[in-house]
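Single-structure report; data block below.
In my numbering, the protein residues as written are 392 to 507.
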């Protein structure tokens, strides 16, 4: 036999399930993109832009204008920071080839990680 507390818990549980269902339903019908999908889209965009700038297919200004910001993803922010502070190769105040290659390998490693 159900007591009063059990009946109340069942009502609350049912209301929460209905509320969760309605939130999911309306988010799909109104073309709202879930946060997990936004993050994946931002990661793909960041990796594509980083690959283009490393291949010298776009300028740094284009890269900065199109790069996703305020995503809350530390890896996206780290990739931007690495590219922004990429050292100059050789010459006055430049780095050696081995240091430059190590730095670039870190960038490419992060690009591959974001592509997954």
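Even for Gly, the Cβ is constructed at its ideal location relative to N, Cα and C. This one's a predicted model, so the numbers in the text were calculated from it and none came from an experiment.
Residues near residue i in its chain [Cβ-Cβ closer than 6 Å; skip 5 each side]
i	result
residue 479	485
residue 413	Note that residue 413 scores 46 on pLDDT, short of 50, meaning its location in the model is unreliable; the coordinates nonetheless yield the value given after this. None.
residue 462	433
Cα-Cα separation between residue i and residue j, rounded to whole angstroms
i	j	result
residue 488	residue 496	12 Å
residue 442	residue 482	25 Å
residue 475	residue 437	13 Å
Proximity winner among the options, relative to residue i (alpha-carbon distances)
i	options	result
residue 505	467, 452, 474	467
Own chain partners of residue i with C-beta closer than 8 Å, once the 5 adjacent residues on each side are dropped
i	result
residue 447	none
Problem set entry | Minimum length 4: unbroken alpha helix (DSSP H) runs contained in the region 467–506 | 488–506
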